[in-house]
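Chains as they are written, first to last, in my numbering: chain D, 107 to 378; chain X, 107 to 378; chain R, 107 to 378; chain G, 107 to 378.
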Ligand SMILES: [Fe+2]
Ligand SMILES: [Fe+2]
Ligand SMILES: [Fe+2]
Ligand SMILES: [Fe+2]
Ligand SMILES: [Fe+2]
Ligand SMILES: [Fe+2]
Ligand SMILES: [Fe+2]
Ligand SMILES: [Fe+2]
């Protein structure tokens, strides 16, 4: 099977690009399954139910979140009703919502998607490694699951690489989100797991990681807030990673970056 | 002119790749100038004089450093004698060595290279923005300098993007180092400055950012050291970024990634 | 001479205690000079001009600030007019206001007060050690200055102790602020400088460092904001430190804690 | 009953003070139970078995640890045999040793001691609040336990205060360790739990939090290591906190600081 993961959708710019381009992308590159990280879709801060529905309607099978999961307070309630929206699995016990979902894609593939949050340079949270390990063990790749996709939302490159090594051979893809900058280290590890340190955002790169440059730059220079952070509104680059799996094992056969639109160098996931 | 920047050389694996491949790369792609970050060249920690000389002999015009600059104590003395080795410019006043060098390349181009260190998720250090601004002002692009290359050694993607916006139109390239993972966001900003959030390391990617995986993974899982960090010794990927400048202005016309050897997807900087 | 330093005034509770008790304290214990840290006086966030004036009217000769200096935006302008309000000296060049003031107290003593901000577990800022050293050198103790008081606003106990050692023999008092909890390590160092790691806040201790407990506790337990931080409104303990100096040298002869009112164990600075 | 808690024993200076003074202190102030934090007893780094035994022989009923628990590797094995040595309860599952012990004191009191580690400005670790809550629930105060003592090893004053509020009414004492500086905020909270943000170290205060000043000061000034950290060897101040409980409830009736020897202002825990 072939699946696509798209990184943090950033504000209106990112949402518009998802709405306009994702359906065509799914068709053109023949994706069987799509995961989109939506933690910044609503004004850069969290995800309203309306924006969640829009991302789903554009073709996402599962939407993941991150440290901004509940910036929009309504997410604390509607996440309980939704079976296609997940937040980091290692959030505190009792947190609304779930951290993993096992669903069937448009072509009948059964896919486990796990969202976890890192701890290096991130707010305190419980161990993501053990939490992900348990979720994978409950639904092993090549047995129950045709593919397992892990969105590891974290800052440090060491931590995402460690998660890749930790899960190598047990999941189809470990992909980082949160830094908003796509990395060029996509590869299939020795055990057959695809890894990419960060998918990059779906947002306007003429910015500081998706935010209009003025205020972030002011803060770096003076340390004193004078305005608010607002998402940049130019054309987004959709950033993500595409994986083709071995139907027998669910492991990755190939991994290719996707970067379409906006100001970044373009990359099309052409598998053949 | 056309120049190349290569990211953090990591241990023997990185040094060997530099020695074996850099001369051929310079010749094949016709680079007029080469900068290499050497902060991890000696066993992952700092840079001995012998390893510095080896990197220079392989074709580096300038070698830059980072937070590991003085892990090899001998660097505190030999850096004072060297005119082609720089450490972050915003280190404390009185730190041995210099943070910027203005030198002439093999084909007569006069190039200013600046090394600076970030502050987000990094050890405390003085303001890199003002320090770099002053160095650039003392030797403006298109006047004294044919090219200005800024190695901004930092962790956070927001800080490197901010430095790019800050210097846009005043330098040829702002490139990040330190995370050891190459990014795919290379582009020319509106004002003509090329930007890439991280050059990536020159090291073995079958590892956790260049270090043998066992001990870093152990620490993520248990929090308790049981061994030492040692550089991985498989074949390195040389990671970096190549820039072609407008001879009149010194600004970037094109920017292309370079990734040669080892386990990452290959990228050749073919400008035409 | 004899002077008093009071730590971070926290919200209405702290302001009320200052207004009601400080005049009597000054009289009873015969203080020649008073410094008050006001960074949290206005609803826990910064210092309005009205609240600054109230603290001054209650008897403060100099008011100091910290990382919250400009949370109340009006401080960016009125600080420029005030000669008795200072913010951390190591803020970025161009920051409104000054970081040190040399003033004359009610009984004719000439006092230099310096405010600086630490870097460990704090937002990035330039080197406080060199900035304070330069301010002290410009107005030496026992020559121009009858007393020098350093409010070092920082989190880590190691950093405040280091500042004490660094300045020992050159200033009358190094006192920490920012953690809001008074320490019991007040002492005169070998060189004659009094040191106390944190003065403690002037606020209601039936709280979490001055804030109503519910929301901070919620965040520790869930990681998810559900309300705002508001200052606790019970009776404040005024927390600070009193120093008696040798009139010839300006160095400390004795140092005593002050804790009056509220729920902490009381401590009166009775020098004889 | 009456119990004593002593903070981080720092190197030989701290060990000597424990050996020489603790037996007399127990006798003079009639302590029924003694807990000592030993995480820095062996050269500032961890706790050898010999040093653990020495602290026990001097009168400690239970020895606690912290982030330095396993700096001396032998602790990974001997902790498994010891029933009076605990490490933070929220360390990763599978970590050698236990995080809570329920033991009987010299006069027949049954005491539960819990060690936990904070997360703010500390290495990543699982939630200490839920871990402590579960340990308390398994052995409630006033039922199984005559006293419950919680050593919360953490940096941030907000986190230790939050733990106090969280456990108020359920334990006898919440005391912080790790900053090495005693605080002056000891008090009985409304629900009957005694709280003190940091017990302070048992070490030589003519130092930077127990370490010879030269190297820490050098690092603050230059950022570049030139030597090692070694414990200061002058006379230690024993720092801690004493609590008297209500025999019916196990809650605190009074709480008093103890500071004996060395260079800090002395405080004797005289309850009547
Ligand atoms: Fe995020
Ligand atoms: Fe994000
Ligand atoms: Fe590096
Ligand atoms: Fe580095
Ligand atoms: Fe404060
Ligand atoms: Fe503060
Ligand atoms: Fe300690
Ligand atoms: Fe500690």
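A virtual CB, placed ideally from N, CA and C, is assigned to each residue, including glycine. In this text, all values refer to a predicted model and were calculated from it rather than measured experimentally.
Between residue 278(R) and residue 349(R), the C-beta spacing is below 7 Å.
Note on the stretch 130-200 of chain X: whole alpha helix (DSSP H) runs with a minimum of 4 residues are 155-163 and 181-187, in chain order. The set of residues whose C-beta lies within less than 5 Å of a heavy atom of ligand 4 reads, in chain order, 172(X), 173(X) and 284(X). Contact between the stretch 196-216 of chain D and the stretch 195-212 of chain X is absent, with fewer than three C-beta pairs closer than 8 Å. Our two residues, residue 316(R) and residue 283(D), have alpha carbons roughly 36 Å apart in a direct line. Residue 213(D) carries a coil assignment under DSSP once its states are collapsed to helix, strand and coil. With at least 16 other beta carbons inside 10 angstroms of its own, residue 261(D) counts as buried. In the pairwise beta carbon analysis, the stretch 290-302 of chain R is classified as not touching the stretch 369-378 of chain X: fewer than three pairs are separated by under 8 Å.
Under the three-state reduction of DSSP output, residue 282(R) falls in the strand class.
Across the set 230(G), 186(G) and 256(G), the C-alpha of 256(G) shows the shortest separation from the C-alpha of residue 242(G). In this structure, residue 273(G) and residue 281(G) do not form a Cβ contact; the two beta carbons are roughly 11 Å apart against a cut-off of 8 Å. Cα atoms of residue 218(D) and residue 189(D): separation of roughly 12 Å, rounded to the nearest angstrom. Along the stretch 318-344 of chain D, going in chain order, the ones with a CB nearer than 9 Å to a CB of chain R are 326, 327, 328, 329, 330, 331 and 332. Where residue 346(X) is concerned, the enclosing beta strand (DSSP E) starts and stops at 344-351.
Legend: CB atoms of the stretch 182-207 of chain D lying less than 8 Å from CB atoms of chain R belong to residues 182, 197, 198, 200 and 201. Between residue 137(R) and residue 173(D), the alpha-carbon positions lie close to 50 Å from each other. At a beta-carbon threshold of 7 Å, the residues of chain G lying near residue 231(X) are 329, ordered along the chain.
Interface residue (Cβ-Cβ distance to chain G less than 7 Å): residue 176(X) is classified as such. For residue 239(G) and residue 143(G), the gap between their C-alpha atoms comes out near 21 Å.
The beta carbon of residue 360(X) sits no closer than 7 Å to any beta carbon of chain R. Distances from the CB of residue 233(R) to the heavy atoms of ligand 5 are all 6 Å or more.
Distance from the Cα of residue 113(D) is smallest, within the candidate group 371(D), 343(D) and 359(D), for 343(D). One Cα belongs to residue 254(R), the other to residue 125(X), and the distance between them is close to 58 Å. Exclusion of the five residues before and after residue 270(G) leaves 280, 295, 299 and 301 as the residues of its chain whose Cβ lies within less than 8 Å of its Cβ. Here residue 124(G) carries a helix assignment [DSSP, helix/strand/coil]. Residue 226(R) reaches chain X at 230, counting residues in chain order whose Cβ is nearer than 8 Å. For residue 288(R), there is no enclosing alpha helix (DSSP H), since its DSSP letter is neither H nor E. Taken atom to atom, the span from the alpha-carbon of residue 151(G) to that of residue 120(G) is near 13 Å. By the neighbour-count criterion, in which 16 or more other beta carbons inside 10 Å mark a residue as buried, residue 131(R) falls on the buried side. For residue 335(X), there is no enclosing beta strand (DSSP E), since its DSSP letter is neither H nor E.
Chain order gives the chain R residues near residue 287(G) as 263, 289, 291 and 303, where near means a beta carbon separation below 7 Å. DSSP places residue 376(X) in the coil class of the three-state scheme, outside both helix and strand.
For residue 325(D), the enclosing alpha helix (DSSP H) stretches over residues 320-328.
For residue 141(G) and residue 165(G), the gap between their C-alpha atoms comes out near 9 Å.
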